[in-house]
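Basically the working numbering = 1-based index in the sequence shown + 1304.
Glycine included, each C-beta is placed from N, C-alpha and C at the ideal position.
The block underneath contains the structure these notes are about, expressed in structure tokens.
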Amino acid sequence: MKKILLGLILFQFAGCTQLQQVVNQLPQGGAISNTEIAQGLREALEMGIQKQVSKLTEPDGYLKNELVKITLPEELQKVDKTLRDIGLSSLADEGLKILNRAAEDAVGEATPIFVNAVKGITFEDAKNILLGADNAATQYLTQATEEELYQKFNPVIKNSFDKVGADQIWSNLITKYNNLPLTKKVNPDLTDYVTQEALKGVYTMIAIEEKEIRTQVSSRTSDILRKVFALQD
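Right, dumping it as structure tokens:
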């Protein structure tokens, strides 16, 4: 998001009172209008979303990213461990790969939903993000998109499971586990679980980009960023 959160970077250099004064001066100062501030934030968010979402849709976008890699739900972690202990590591690995591949398939549905949410940002939204917490932009996008993304992700993940025969693989995996002596039978809703984890991964990556913009001076690349920093300077 190399231009994201114009003023969130300012938050590190000024207290809330000082920052509020800067924000209040923006419309009256003539250099930046309310419209420009909101538009600048929208453009920055769109760039960041495109960058981070595209990473997650690539092969191994989840699987080889330890920040968002989807592991087994708690009730199935013992399945994974037991299978590995008895020499079935390849089966366990295949099960994990399928979970992450399904998430990678689903993330392709996120971009238009994010873009629509960003288009709706008003100057008041932008100002609240400017004065908000370190992850204010991520919080805004989460609130604006999480429910709709879940509805989009869930059937895609289910279809992905069907496409690669995940139902058979997991049935085989869980059946082998359940047939072992002294084990408690498990049967979790993996589609819902992977949907929730896929969503967490998307917002995690956006939050990382948000932090980068707030902490790297080199990210002040837009005219709007330069104007805002000029007001504080």
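{"Query": "Quick test of the definition: if touching needs 3 or more C-beta pairs under 8 angstroms, does the segment 1376-1396 touch the segment 1447-1464?", "Result": "no"}
{"Query": "Among A1342, D1384, G1412, which residue has its Cα nearest to the Cα of L1360?", "Result": "G1412"}
{"Query": "Determine contact between the segment 1416-1434 and the segment 1342-1356, defined as no fewer than three beta-carbon pairs at a distance below 8 angstroms.", "Result": "yes"}
{"Query": "Of all Cβ atoms in chain C, is any one closer than 8 angstroms to the Cβ of T1386?", "Result": "The structure shown contains no chain C; it is built from a single protein chain."}
{"Query": "Between the alpha carbons of D1364 and I1402, how many angstroms are there, rounded?", "Result": "11 angstroms"}
{"Query": "Under the rule that 16 or more other beta-carbon atoms within 10 Å means buried, what is L1389, buried or exposed?", "Result": "The displayed chain sequence assigns Asp, not Leu, to residue 1389. With fewer than 16 other Cβ atoms within 10 Å, it is exposed."}
{"Query": "Is it buried or exposed, Q1356, if we count other Cβ atoms within 10 angstroms and call 16 or more buried?", "Result": "buried"}
{"Query": "Among the residues of its own chain, which have a CB less than 7 angstroms from the CB of D1527, if the five just before and after it don't count?", "Result": "none"}
{"Query": "When DSSP labels each residue in this structure, what does Y1507 get in the three-state scheme?", "Result": "helix"}
{"Query": "Report the rounded CA-to-CA distance for L1503 versus N1338, giving the unit in angstroms.", "Result": "32 angstroms"}
{"Query": "With burial defined as no fewer than 16 other Cβ atoms inside 10 Å of the residue's Cβ, what is the status of N1482: buried or exposed?", "Result": "exposed"}
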